[in-house]
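Residue numbers (this note's numbering): 147 to 228. Just so it is clear, CB atoms sit at the ideal spot from N, CA and C, and this is done for glycine as well.
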């Protein structure tokens, strides 16, 4: 195997490692964004529930917040909280 062949092989291996790193980074980013979105939806539910229970607010925002969470969890994965 000459120098050029070794260089090509090393470049191919490096490219594969970079692609794996990018894929792992994207997966991690997706997970972080999913957790952040879940947090926002949970906060909205908490705010709606508090308003209903302590301030005499309507029940509809609680139902809407629950539906938004259910929809998010269905879209997120099999266990609903991926």
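Checking 8 Å against the spacing of the C-beta atoms, do residue i and residue j come in under that value?
i           : j           : result
residue 218 : residue 184 : yes
residue 221 : residue 194 : no
residue 187 : residue 214 : yes
Taking its Cβ as the centre, do 16 or more other Cβ atoms sit within 10 Å of residue i, making it buried, or is it exposed?
i           : result
residue 164 : exposed
residue 208 : buried
residue 228 : Per-residue confidence for residue 228 stands at a pLDDT of 48, beneath the threshold of 50, marking its modelled position as unreliable; the derived number appears in the next sentence. Answer is exposed; the Cβ neighbour count stays below 16.
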